[in-house]
Every structure is written in structure tokens, then in C-alpha cells.
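Chemist: Before I ask anything, let me first share the structure, which is written out below as C-alpha cells.
If you want it as C-alpha cells, here you go:
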């Protein structure tokens, strides 16, 4: 189906799951937010639901409602609006349904008489179309049958809205498979925002379905209260596994917020090496370099080459701030290491022949931090030397870890800053048009 209109042509059919995460622009081309969900009014299983608007994320975490009357253009890569957006926080009404949050992964039945016959499956996407009145409606439902025999995935069907039973009325039977697939395509911070706003039962299903590594990444981006609440959903063994996947400093912060009995139990269940790093970080006074440092920076011996160093910092899983320099130490190379010989900045590494020893590229001009350094002292140190990371050593010069600028900011910002939209970003363009 296509509709005639002035300006760029809108597609006749848009699958909603593909809209999530798309940027939203104003008429000047400034990005004002991202699509997070679709709000619809469901009247019956035979009448196509009218699309009321988008749930958009602005100010980092704030969710607002964007009426479809404000949407001027939708395509596969972006959404354009009139720019006149109400910045009031979105609150769902009882008569409204969220497509991503409440319809995806529902168990439904395709009614007998549809082209497919009577089959059951789960909803993995929904399509909307613009009708002659220029309203948008939900017109198609994509359903996947359970896998049979050796087939991991069942057959898929895209059918008319009226041919699906189970989307209206009764309490939904809703899993998490397809929402998990969508979350896995997002950055961890964006996935955390989605999980933060899910209803409690839906959040429980999603947390159960996420693998440990992905859940650990998401936990690091959630407010403290959410972290504790989600950890309480897990059995002790899995909670310990997830903590092992988190960076040691984030795991230490989370465990420190638990009651002592639970904290001790989880530490005992963790792998000894992982638990040792966490216990060591928890032994330092709060708001010090020792408490906020990362105990696993890139550490090399003096006999390593420039090529070895570049191979280490090329790892895509390594945070940018930790990839900014390597730390050259005497044996052992696990923290606490042997004596720190110096650091090598990645820009210097790029200028040297790959076969050169990394020890020839050391910067020995700056003093390292000590674990008792205060936040103000750490900030002054990074600012003085124009650094994004700095080594932390004990009184004998052994490397204990590294403080990065993101570690510092996490501790300098107010508690639960992730829940305070005005601290996330500057006012977006939407405010200027509102």
C-alpha cells in the first residue's frame, strides 16, 4: 500500500521493530531524540489499532510522547517531525498499548481461515500502514511458530491483524525472545534504558533470557537501585557469574551496596581471582583512586614489542580510555605487578616501528597516583597531564591498576545521575522548538 502526498514519499508499510533506535530529526536536520516504542489504541481483534504516536527518548533518559500528527516522514533510516515537541515525561494511559513493550513475544494464534490455517506462535514484529484518512494503523502481524524437530526456528507468517487471536483482552502470555534480539542490537546504555522502563514482569522475563555477559554490560549502565533489584531476581550462582562478567570496579560498587551477608555469599561464589580483585577494590576508602581504579589495564613486560602493544589495544572490547596507553612493568604482570617502569601512549606507539621494544617508547615524565589520592587529586592529575587514564601504584612502585576519566566521572557526578536527564546531555533542539 502506498499513499500520495507532498514531499518525500512515505513507505506504505513500516515494521515497528525496525524503528526502535532510529534517530528523530526536526525540520532543520537536528537530531532531537531516538524512537523507543510505538503507542497504539486497541479497540478489538478485528479493527486495526490506530497508532497514536511514538515514545521518543530525549535528554538521555527522558521519555516523551510524539503524536503521529507531528511526524512528517518515516523511512528505513530516520524519522522527521515538525519540531514542535512537548517535553513532558511520557506516562502510559490505561487505554494505550506499547507495541515493543507489550506486544512483542506474545503467544498468539492465527485464526483458522487465514491463508496459513490455525497455528500458534509468538509475535516477532508488527507492521503499520497509513490509510486514506492519513492515520497510521497496525495492519500486519509477524508470527513465528515454535521450532519442530531439528529445526531451531519455526516457520514465520505475516498475516492481517484481524486473523490473529490473543492480542486483545486477556492477560498476555509473553516471553522475551524477540525483545532480546532487539536489545542485543543496541548499545548497552540504550538497552539499559529500555529495561529500566519495562513493567516488572516483563523485566523479569528479559533478565532471565539475557546471557550473563550482556546482562553484565547492561547492569553497568543502570542506576544503583535497578542494579540491586535485578541482582535480587537472580539465584546466587547466576548472580555471582554475572558479577564476574562485570568490570571489577563496577562489581565492587554494586556489591558494596548489598547487605553484608549477601555480599559475602556472592564473593564466596565468584571465581577466586575475580573475587580477589573485587575485595581489593572494596578495601580502599570510598572516593579514592584505589576504590575507583580498574585493576586490569593493558600490562606488558619490557621485552614486548610495539606490535604486541598495538595488538593488545586493538581489541574492540577494550574501553577507549583503557586503550589510550599501555603499562610496562616487571614480572609478575598481574596486578599488583612488579615495579612499574613507565607508560606508553598509543600515539607514540603508532609512530614507532612495530619491531621496536615497547620499553623504548615509555613516558617516564609523570608521577603515578597513589591509592589514597582523593577525587580532586585524581581530577587535577588527569587535567595537568591531559590524560584519559593514569597508573595507580603502591608505596613500592607496584602497579595496582589504572584510573580512567570515565571512572572519575562516575564518582564525581551526583548519585543516580543516570536518572537525572538534565545531567545526561545539554538541552536538545526539541526544547528550542517547544
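In my numbering, the protein residues as written are 155 to 588. Just so it is clear, CB atoms sit at the ideal spot from N, CA and C, and this is done for glycine as well.
1) Could you check how far apart the C-beta atoms of residue 478 and residue 532 are, in whole angstroms? I think they sit under 8 Å.
2) So, helix, strand or coil for residue 466, using DSSP?
3) Which of the three DSSP states is assigned to residue 242 in this structure?
4) Report the rounded CA-to-CA distance for residue 231 versus residue 176, giving the unit in angstroms.
5) Note down, in chain order, each residue of its chain lying with its Cβ closer than 8 Å to the Cβ of residue 562, except the 5 sequence neighbours on either side.
6) Within the continuous alpha helix (DSSP H) that includes residue 363, where are the two ends?
7) Expressed to the nearest angstrom, what Euclidean distance is found between the alpha-carbon atoms of residue 390 and residue 419?
8) Which residues does DSSP pair with residue 509 in a beta bridge?
9) Under DSSP, the alpha helix (DSSP H) around residue 340 begins and ends at which residues?
10) By Cβ distance, which residues of its chain are closer than 6 Å to residue 221, with the 5 residues on each side in sequence left out?
11) Three-state secondary structure (DSSP) at residue 439?
12) Can you list the alpha helix (DSSP H) stretches of 4 or more residues lying completely in the region 465-549, in chain order?
13) In the structure shown, what three-state DSSP assignment does residue 445 receive?
14) If we call anything under 8 Å between Cβ atoms a contact, is residue 432 one with residue 421?
15) Can you check the region 203-239 for any alpha helix (DSSP H) of at least 4 residues that lies completely inside it and give the ranges in chain order?
16) My output table needs one value for residue 566: the three-state DSSP class, helix, strand or coil.
17) The alpha helix (DSSP H) that contains residue 419, what's its start and end?
18) Cβ of residue 372 within 8 Å of Cβ of residue 345?
Modeler: Taking the geometry as given:
1) Cβ atoms of residue 478 and residue 532 stay farther apart than 8 Å, at about 16 Å.
2) The three-state secondary structure of residue 466, taken from DSSP, is helix.
3) In the displayed model, residue 242 falls within coil according to three-state DSSP, outside both helix and strand.
4) Rounded to whole angstroms, residue 231 to residue 176 spans 6 Å at the Cα level.
5) Here the set comprises 446, 529, 532, 533, 536.
6) Per DSSP, residue 363 belongs to the alpha helix (DSSP H) from 354-363.
7) Straight-line Cα distance between these residues: approximately 8 Å.
8) Beta-bridge annotation (DSSP): residue 509 is not paired with any residue.
9) Premise fails: residue 340 is in no alpha helix (DSSP H) and is neither H nor E.
10) For residue 221, where only same-chain residues beyond five positions count, the Cβ hits under 6 Å are 207.
11) Coil, per DSSP.
12) The qualifying runs are 500-505, 529-538.
13) Three-state DSSP puts residue 445 in a helix.
14) Yes.
15) Correct list: empty.
16) Residue state, collapsed to three classes: helix.
17) 414-423 is the extent of the alpha helix (DSSP H) around residue 419.
18) Yes, the pair counts as a contact, with Cβ atoms nearer than the cut-off.
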